[in-house]
Amino acid sequence: MIFGEAAHLMSPNGEGANLALFDGAELGRFIAANPDDVEAALLTYEEDLFLRSASVSGGAEELLLDPNALPNLVDFLTKHSTGGLHEPLKEEERK
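This note's numbering puts the sequence shown at residues 3 to 97.
In structure tokens, the structure reads:
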């Protein structure tokens, strides 16, 4: 069974964790609706999952599967960074 970023090709923006929680809840809902046939519940869940994942991927295919994926990802992360460990500390911050 796949959940979150494994099921949804996503840019690394944190949505995969949210989707994993939602996917787990949806799986439980499908199994509860069809407890006597878990296989049918899983198939229905997967159909729904892949329809949802197609609508929420938000261009991740272009970002992650492009021949220039690495520079595209670095550019994406740089543009969306709020500052962090990748920036060297200023002299006054080192004390």
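Idealized CB from N, CA, C, for every residue including glycine. Small disclaimer: the values here were computed from a predicted structure and weren't measured.
Distance CB(residue i)-CB(residue j) smaller than 8 Å
i, j, result
"A42", "N36", "yes"
Cβ distance (whole Å) where residue i is taken to contact residue j below 8 Å
i, j, result
"F32", "Y47", "4 Å"
Reference residue i; option with closest CA among the options
i, options, result
"D50", "D68, V40 and L29", "L29"
Element boundaries [alpha helix (DSSP H), containing residue i]
i, result
"N74", "A71 to K81"
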